[in-house]
Amino acid sequence: MEADKCSLRLGALVLGGLGGVGQAICQELHAQGFFVIATSRRPPSSRVDIASSDNADLVIQVTNDDDAASLLSTLTSALSDMGVHLVTGGGDADSVLSQMGHRGVSNSDRGSDKCPAVGSSDSGKEREREREAWTGVECLPPMPLSSPSCRMCLMLHSAYVCTGSVDMGAVQDVGYQTLSACITGHLHPALLAIQTIRTLCPHGSVICMGSDPYTEEAAPDTVCYCVAKAALQRLVECTQEDMPFLHCECVQLPDMDTGLWQRAGLPVPPDSDAPSVHAVSMVASVAHRLGEYLREEAQHTVDRSGAVLLV
Numbered sequence: 001m002e003a004d005k006c007s008l009r010l011g012a013l014v015l016g017g018l019g020g021v022g023q024a025i026c027q028e029l030h031a032q033g034f035f036v037i038a039t040s041r042r043p044p045s046s047r048v049d050i051a052s053s054d055n056a057d058l059v060i061q062v063t064n065d066d067d068a069a070s071l072l073s074t075l076t077s078a079l080s081d082m083g084v085h086l087v088t089g090g091g092d093a094d095s096v097l098s099q100m101g102h103r104g105v106s107n108s109d110r111g112s113d114k115c116p117a118v119g120s121s122d123s124g125k126e127r128e129r130e131r132e133a134w135t136g137v138e139c140l141p142p143m144p145l146s147s148p149s150c151r152m153c154l155m156l157h158s159a160y161v162c163t164g165s166v167d168m169g170a171v172q173d174v175g176y177q178t179l180s181a182c183i184t185g186h187l188h189p190a191l192l193a194i195q196t197i198r199t200l201c202p203h204g205s206v207i208c209m210g211s212d213p214y215t216e217e218a219a220p221d222t223v224c225y226c227v228a229k230a231a232l233q234r235l236v237e238c239t240q241e242d243m244p245f246l247h248c249e250c251v252q253l254p255d256m257d258t259g260l261w262q263r264a265g266l267p268v269p270p271d272s273d274a275p276s277v278h279a280v281s282m283v284a285s286v287a288h289r290l291g292e293y294l295r296e297e298a299q300h301t302v303d304r305s306g307a308v309l310l311v
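With full-length UniProt numbering applied, the sequence shown covers 1 to 311.
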């Protein structure tokens, strides 16, 4: 396929995309026309598997030893095998079109009425400040699109973090290894998402943080979970402090939304279920609300990507 016939799709990275909430998010994003890339800690039959379900276009195995470089290496290799080229720019239309080698953008793979489109953006002071802030940040070089096997160009639009242990152990039952594993399970995927977005989107990003509001009274009975969430929230705060050109959004929902469970074909948990089930429901509700926020944000600020951190 010639370069000027290569269509452009927006992609979404879902870390933990094979879990209950992750699957529901994949399903919703896929239905909207996104090219969905899911990661999983479950050992697949090979390093990279094409998803057998309709909820993801690609599934990649990750471990705690993976960083953004190894994830991107695996990702670009897998996409290349599929005839898909990963472009960078964080939604900057001029940059993307330059890498694609043409001026027209087509979403013919899914239909222009369904697949989110990338448009042009007026340059302004805010955009210039973002460009200056990213000066010196290492990012992926433009990828050549001269290969006749290229059938589609992909630009990462958002990253969802849906991983982490929901260990509700009481303080007297928690040891160092349990607490360390819980914190690592939450922080590593978040760091991976931040590093990946930082590499792929050199013009700035939007970070949305959905927080499950645990009270001090509940902390003794949920110490692992609360400590991990506090550490993750501080990570996002430090990211905001170190990279002020990232926009952070904190969302807290007091009520459980069962709609996403129903759309995912999962049984709706009653309110009387264990706190862990309620927590997962809360995250699902936050994910749905954040998805709406990002779609609205993308309509007005097309030169930003959305990095979603569910905490």
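By construction, the Cβ of each residue, glycine as well, lies at the ideal position given by its N, Cα and C atoms.
Taking residue 16 as the reference, give the member of 190, 231, 82, 238 with the closest Cα. 190
Check residue 177 in the structure and name its three-state DSSP category. helix
Flag this pair as yes or no: are the beta carbons of residue 35 and residue 58 separated by less than 9 Å? yes
I believe residue 152 touches residue 87 by the beta-carbon criterion, under 8 Å. Please report the beta-carbon distance rounded to the nearest angstrom. No, residue 152 and residue 87 are not in contact; Cβ-Cβ is about 10 Å, not under 8 Å.
Do you know how far the Cα of residue 7 is from the Cα of residue 177? 48 Å
Can you tell me which residues form a DSSP beta bridge with residue 38? 14, 59
Roughly how far, in whole angstroms, is the beta-carbon of residue 160 from the beta-carbon of residue 12, given that I think they are within contact range, below 8 Å? 7 Å
How many Å lie between residue 45 and residue 78 at the Cα? Low local confidence applies: a pLDDT of 49 at residue 45 is under 50, so the model's placement there is unreliable, with the coordinate-based value given in what follows. Between residue 45 and residue 78, the C-alpha separation is close to 15 Å.
So residue 87 is in the beta strand (DSSP E); what residue range does that whole segment cover? 84-87
One or two residues paired with residue 153 in a DSSP bridge: 8, 85
Which residues in the same chain have their Cβ closer than 6 Å to the Cβ of residue 30, if we skip the five residues on either side of it in sequence? 36, 55
Where residue 314 and residue 234 are concerned, what is the direct C-alpha to C-alpha distance, given to the nearest angstrom? This structure leaves residue 314 out entirely; the chain is present only between 1 and 311.
With 16 other CB atoms within 10 Å as the buried threshold, where does residue 33 fall? buried
Measure how close the beta-carbons of residue 18 and residue 38 come, nearest whole angstrom, since I'm counting them as under 8 Å. 6 Å
Which residue's Cα is closest to the Cα of residue 66: 195, 82, 24? 195
Buried or exposed for residue 185, going by 16 or more other Cβ atoms inside 10 Å? buried
Grouping DSSP H, G and I as helix and E and B as strand, with all else coil, what is residue 170? coil
Can the beta-carbon of residue 319 be found closer than 9 Å to that of residue 187? Residue 319 is absent from the model: the chain starts at 1 and stops at 311.
When you compare only the Cα positions, how much space is there between residue 200 and residue 84? 16 Å
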